[in-house]
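In our numbering, the protein residues as written are 18 to 99. Structure, as structure tokens:
What follows is the structure in structure tokens.
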């Protein structure tokens, strides 16, 4: 199965910095890789899409790859187009 994995990557560690606080619920690169590897280990093909201002375009560009009955796994803290 083709799975679009929508995520938010944490770029800044914990701190009182406002940007770091905004990313508090985002996942570390290691967590994102672990989820991707777990899906792949079950035989799925994974398309990673960071939930940012370009995510809609990425989904649109890859819509044939993720045609139904495929799935979108939303690991992101933000809105993910499914």
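Note that beta-carbon positions come from the ideal geometry of N, C-alpha and C, so glycine has one too.
- As DSSP reads the structure, residue 63 sits in a beta bridge with 20.
- For the 8 Å CB-CB criterion, residue 26 and residue 53 do not form a contact.
- Within the same chain, no residue comes within 6 Å of residue 81 by CB-CB distance, once the 5 residues on both sides are set aside.
- Per DSSP, residue 50 is one residue of the alpha helix (DSSP H) stretching across 46-58.
- If you check the CB distance, residue 23 and residue 58 do not come in under 8 Å.
- Residues of the same chain with a CB within less than 6 Å of the CB of residue 21, apart from the 5 flanking positions on each side, are 64, 66, 83 and 89 in chain order.
- Spanning the alpha carbons of residue 69 and residue 44 requires a straight line of approximately 14 Å.
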